[in-house]
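Participant:
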Amino acid sequence: MPIIVNVDVMLAKRKMSSGELAEKVGITPANLSILKTNKAKAIRFSTLEKICEVLDCKPGDILDYER
Amino acid sequence: MKILGEKSLSSKVIVGLKTLFVAISVLDIVVLTLMMKTINHIVHNESLQSNIFDLNLFGMLILSGIIALLIIYQFIKIFKNIKNNVLFSKDNSNCLNIISNSSLTISVVFCIISILVFFLMCKLEERFIHFVFAFAIILAVVFVAFGIGIKVLNEIYKKAIEYKEENDFII
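So the sequence lines, in the order shown, correspond to chains A and B. Going by my numbering, the first sequence opens with residue 13, and the numbers climb by one from there. Going by my numbering, the second sequence opens with residue 19, and the numbers climb by one from there.
#1: Kindly indicate if chain A contains any beta-carbon less than 8 angstroms away from that of B/Phe187.
#2: Using CA coordinates, which residue listed in B/Ser29, B/Val61, B/Glu24 is at the minimum distance from B/Phe97?
#3: Using 8 angstroms as the threshold, is the C-beta distance between B/Phe76 and B/Leu45 below it?
#4: My guess is that B/Lys176 and B/Ser111 are in contact by the Cβ rule of under 8 angstroms, so how many angstroms apart are they, rounded?
#5: Nearest chain E C-beta to B/Glu184 closer than 8 angstroms, yes or no?
#6: Quick one: any contact between the segment 83-94 of chain B and the segment 26-43 of chain B, if contact means 3 or more CB pairs under 8 angstroms?
#7: Which first and last residues belong to the alpha helix (DSSP H) in which A/Val84 is found?
#8: Can you tell me the Cβ-Cβ gap for A/Ile46 and B/Phe106, rounded? I've got them flagged as a contact below 8 angstroms.
#9: How is B/Ala163 classed by DSSP in three states: helix, strand or coil?
#10: Quick one: is B/Leu104 buried, meaning 16 or more other Cβ sit within 10 Å of its Cβ, or exposed?
#11: Let me make sure I understand the geometry here. Which of B/Val126, B/Lys108, B/Ile147, B/Ile156 has the alpha-carbon closest to that of B/Val180?
#12: Taking just the CA atoms, how far does B/Leu134 sit from B/Val61?
#13: Which residue wins for smallest C-alpha separation from B/Ser118, given the options B/Met78, B/Ser43, B/Phe161?
#14: Work out the CA separation of B/Glu173 and A/Gly72 for me, nearest whole Å.
#15: Apart from the five residues on each side of it in sequence, which residues of its chain come closer than 8 angstroms, Cβ to Cβ, to A/Arg79?
#16: Report, in whole angstroms, the separation of the C-beta atoms of A/Ile74 and A/Val19, which I expect to be a contact under 8 angstroms.
#17: Taking C-alpha atoms, which residue in B/Val126, B/Val48, B/Asn69 lies nearest to B/Thr56?
#18: Below 8 angstroms, how does it come out for the segment 50-70 of chain A and the segment 35-42 of chain B: are there three or more Cβ pairs, yes or no?
#19: How is A/Leu34 classed by DSSP in three states: helix, strand or coil?
#20: Please state the DSSP three-state secondary structure of B/Leu105.
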């Protein structure tokens, strides 16, 4: 899939662990892992909103498009 | 009424299916014994011509019995999965596929039986032969309908599994 999820990069920038993010967003670590490994088929706006809120960033910082 | 989980309808159905499995196994053994007796009769009296029909009929009944056991076994597997709350798994879909193929095979067996009976009907004028013929035809039609129905159901089930897997990857 050409959509790349860059949650890892943002986590490193914010110096936050995956577990902490999962807890604050309200998703399971397993689901966050699916997101990080680009296995996810889709992401809900509510989840994206929460991630942006927790990481203090914009959707464009997390999602990227590669041909 | 509780359908999924322990002490539910599915666990009761499993008990019923297991009983049916044993009953069909016993019936198969009885038919096998009768078949052996017929073979013994043929060997000792050398009257193959008069017993060939019985032999074919017994063979077909044993074959359809074995296939029926396979179908019941697959149903037991499905109901065990339902009992354990494993609803949308590929294992269930495979079971349904085996059930539909087995049903279609049984219908073919009963078609052959009906053809054999039809030829016998031309020779004998006994009334019960007509009942056997009608019974074989009805069973063949029922199993074709059942097999096709399960095949269609399996396709719907496969789609449901696909949607479920996709849904699992929506975060």
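The beta-carbon is built from N, C-alpha and C at its ideal position, and this holds for glycine as well.
Facilitator: A quick look at the data gives this:
#1: By this cut-off, B/Phe187 is an interface position.
#2: B/Ser29
#3: no
#4: 5 angstroms
#5: The question asks about chain E, but that chain is absent: this structure's protein chains are A and B.
#6: yes
#7: Chain A is shown only over 13 to 79; residue 84 of chain A falls outside these bounds and no answer can be derived.
#8: Contact between A/Ile46 and B/Phe106 does not hold, since the beta-carbon distance rounds to 18 angstroms and is not under 8 angstroms.
#9: helix
#10: Per the sequence presented here, residue 104 of chain B reads as Val, with Leu not at that position. Exposed, since its Cβ has fewer than 16 Cβ neighbours within 10 Å.
#11: First, the residue type needs correcting, since residue 180 of chain B is Glu and not Val in the sequence shown. Nearest of B/Val126, B/Lys108, B/Ile147, B/Ile156 to B/Glu180, Cα basis: B/Lys108.
#12: 22 angstroms
#13: Of the candidates B/Met78, B/Ser43, B/Phe161, the one whose C-alpha sits nearest the C-alpha of B/Ser118 is B/Phe161.
#14: 39 angstroms
#15: Pro14
#16: 6 angstroms
#17: B/Asn69
#18: no
#19: Here the sequence assigns Ala to residue 34 of chain A, which means Leu is not the residue at that position. If DSSP states are grouped into helix, strand and coil, A/Ala34 belongs with the helices.
#20: coil
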